[in-house]
Amino acid sequence: MRKILATNVQVAIEGGAEATFPVPVVHIAAVAARVASLSGLAGAMTSIISIADHPLDAAWPRQLARRTERGELIRIRLGCYVDASNWRGLDEEARYRVRVDAVRRTARREPVFGGETAGLLWGLPRPALPAKVEVVVPVATGWRSANGVNRLARYPDEFTVVTFGGRHVTGKVATAVELALRCDFPWAVSVMDRLLNQKPLPPESGSRPVTKEEVGSRIALLSSAPKRRQAMRVLEFADGRAMYPGESLSRVLMARLGFPAPELQHEVTDHTGRSAWVDFYWKEQRLVGEFDGKAKYLKPEYLRGLTTAQAVIEEKLREDRIRSTGLNMVRWDWSTAVSPPKLKALLLQAGLPCNPTGRRRRLSTA
Numbered sequence: 018m019r020k021i022l023a024t025n026v027q028v029a030i031e032g033g034a035e036a037t038f039p040v041p042v043v044h045i046a047a048v049a050a051r052v053a054s055l056s057g058l059a060g061a062m063t064s065i066i067s068i069a070d071h072p073l074d075a076a077w078p079r080q081l082a083r084r085t086e087r088g089e090l091i092r093i094r095l096g097c098y099v100d101a102s103n104w105r106g107l108d109e110e111a112r113y114r115v116r117v118d119a120v121r122r123t124a125r126r127e128p129v130f131g132g133e134t135a136g137l138l139w140g141l142p143r144p145a146l147p148a149k150v151e152v153v154v155p156v157a158t159g160w161r162s163a164n165g166v167n168r169l170a171r172y173p174d175e176f177t178v179v180t181f182g183g184r185h186v187t188g189k190v191a192t193a194v195e196l197a198l199r200c201d202f203p204w205a206v207s208v209m210d211r212l213l214n215q216k217p218l219p220p221e222s223g224s225r226p227v228t229k230e231e232v233g234s235r236i237a238l239l240s241s242a243p244k245r246r247q248a249m250r251v252l253e254f255a256d257g258r259a260m261y262p263g264e265s266l267s268r269v270l271m272a273r274l275g276f277p278a279p280e281l282q283h284e285v286t287d288h289t290g291r292s293a294w295v296d297f298y299w300k301e302q303r304l305v306g307e308f309d310g311k312a313k314y315l316k317p318e319y320l321r322g323l324t325t326a327q328a329v330i331e332e333k334l335r336e337d338r339i340r341s342t343g344l345n346m347v348r349w350d351w352s353t354a355v356s357p358p359k360l361k362a363l364l365l366q367a368g369l370p371c372n373p374t375g376r377r378r379r380l381s382t383a
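In this note's numbering, the protein residues as written are 18 to 383.
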């Protein structure tokens, strides 16, 4: 369920002057539990301890300082601490999410998270964790980036604000377009592929898929013609049938190398009537390709209750069924997906033709 309100979003960071964003705010309801699960231990175990918790206790800051010296607490931001043992149990993404919440704790009013931070909170692909927490501030406020916070100056008509998990975040389309402009072409395509995929993003609970027309309308609002052209190149290459970064990066590299464009998410039916969906399919060569990331064998959301060993066996049986139809099959992992020599050698060996001078798509700027 989504509730849309026309409202003003007031923003103030670390005691600075307040400003108002007259932008529509979309509240995504009934996703609190889902967002908490995405945060891992960050939501369940790691509470931020702040100097502001006891403003009338003059001894409180000294107590926090002593506990930090003894190694009981870790200071993650000026005035914000977490239990050291809990912190050590968090992965890097969970730690980043705690830092995001620490920025909220030190803001006079709710900040609007944008840029790479918004991308992470939406669950969009990224090559690495953001270096800083990024927030959106009105143009001409004079606020500068400092203390681990990168401030992005924006006009109110450049985005909507969505609220989930208690956080104000820039809308997913505007966020994806911004990330596509920041990333190199393969990762930009990965972001756009995921945005266009019909599966809801992690904070959502059954949303309507985003269309290329919607993204194009957002790109048209960009003030810079070079940026509009850059974003449109990404959008034109993007395909919502792809979902995972390894698939997107592989597809970009195939195009750069001059291989024919594959059909994505092709259905293969064996003689028993059982179906399997494959990542890549080349009809002429009767060849299917699969990006084999480690996640499908390690992460609970992909294992679907199976052990790693069971998942490996199930995948082997699936491959046998696909091969029984007379199709050839080739697999590759992350190291091959990002290596032009490796992917080229693999696909050539599998019988796929390569024509570097006759590419179907212009990727000279990719």
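Heads up, the beta-carbon is just placed ideally off N, CA and C, and yes, glycines get one too.
Boundaries of the alpha helix (DSSP H) in which residue i is found, first to last residue
i	result
TYR113	109–122
ASP210	202–213
ARG321	No alpha helix (DSSP H) holds ARG321; DSSP gives it neither H nor E.
GLU86	77–86
ALA135	132–139
Residue i - DSSP class collapsed to helix/strand/coil
i	result
LEU365	helix
LEU238	coil
ASN164	coil
GLN327	helix
GLN282	strand
ASN372	coil
ASP350	coil
GLU151	strand
VAL178	strand
ASP287	coil
VAL186	strand
MET218	Looking at the sequence itself, residue 218 is Leu, so the reference to Met does not match. Of the three classes helix, strand and coil, the one that applies to LEU218 here is coil, per DSSP.
VAL48	Low per-residue confidence applies at VAL48: pLDDT is 43, beneath 50, and the placement is therefore not dependable, though the value from the model is reported in the following sentence. VAL48: coil per DSSP, three-state reduction.
VAL355	coil
ALA248	helix
SER267	helix
ALA170	strand
VAL156	coil
ILE68	helix
VAL227	coil
ALA53	Per-residue confidence for ALA53 stands at a pLDDT of 40, beneath the threshold of 50, marking its modelled position as unreliable; the derived number appears in the next sentence. ALA53 falls in the helix class under three-state DSSP.
Continuous beta strand (DSSP E) stretch holding residue i: start and end
i	result
PHE276	Element bounds for PHE276: n/a, residue is neither H nor E.
VAL305	304–308
ALA293	292–299
ARG94	90–94
VAL99	97–100
Outcome for residue i when other beta-carbon atoms lying within 10 angstroms are tallied against a minimum of 16
i	result
CYS371	exposed
LYS361	buried
GLY182	buried
ASN214	buried
ILE93	buried
TRP294	exposed
PRO279	buried
HIS288	exposed
TYR172	exposed
ASP70	exposed
GLU175	buried
ILE330	exposed
ALA111	buried
GLY88	exposed
ASP256	buried
LEU334	exposed
ARG273	buried
THR374	exposed
ASP350	exposed
GLY322	exposed
ASP118	buried
Beta-carbon gap between residue i and residue j smaller than 8 Å
i	j	result
GLY98	ILE66	Gly is not the amino acid found at residue 98; the sequence shown has Tyr there. Against a cut-off of 8 Å, the Cβ pair of ILE66 and TYR98 comes out as a contact.
GLY165	VAL150	yes
SER267	VAL206	no
ILE68	TRP77	yes
ARG245	GLU307	no
VAL152	LEU169	yes
PRO147	TRP204	no
VAL251	PHE297	no
THR63	VAL115	yes
ARG211	MET271	no
ARG338	ARG303	no
MET346	GLU336	yes
### Task
Count the CB pairs spanning the stretch 233–241 and the stretch 270–287 that are closer than 8 Å, and state whether there are at least three.
no
### Query
Given 8 Å as the limit, is there contact between the stretch 130–138 and the stretch 195–215, that is, 3 or more CB pairs closer than that?
yes
### Task
Take every Cβ of the stretch 174–189, pair it with every Cβ of the stretch 112–129, and state whether three or more of those distances are shorter than 8 Å.
yes
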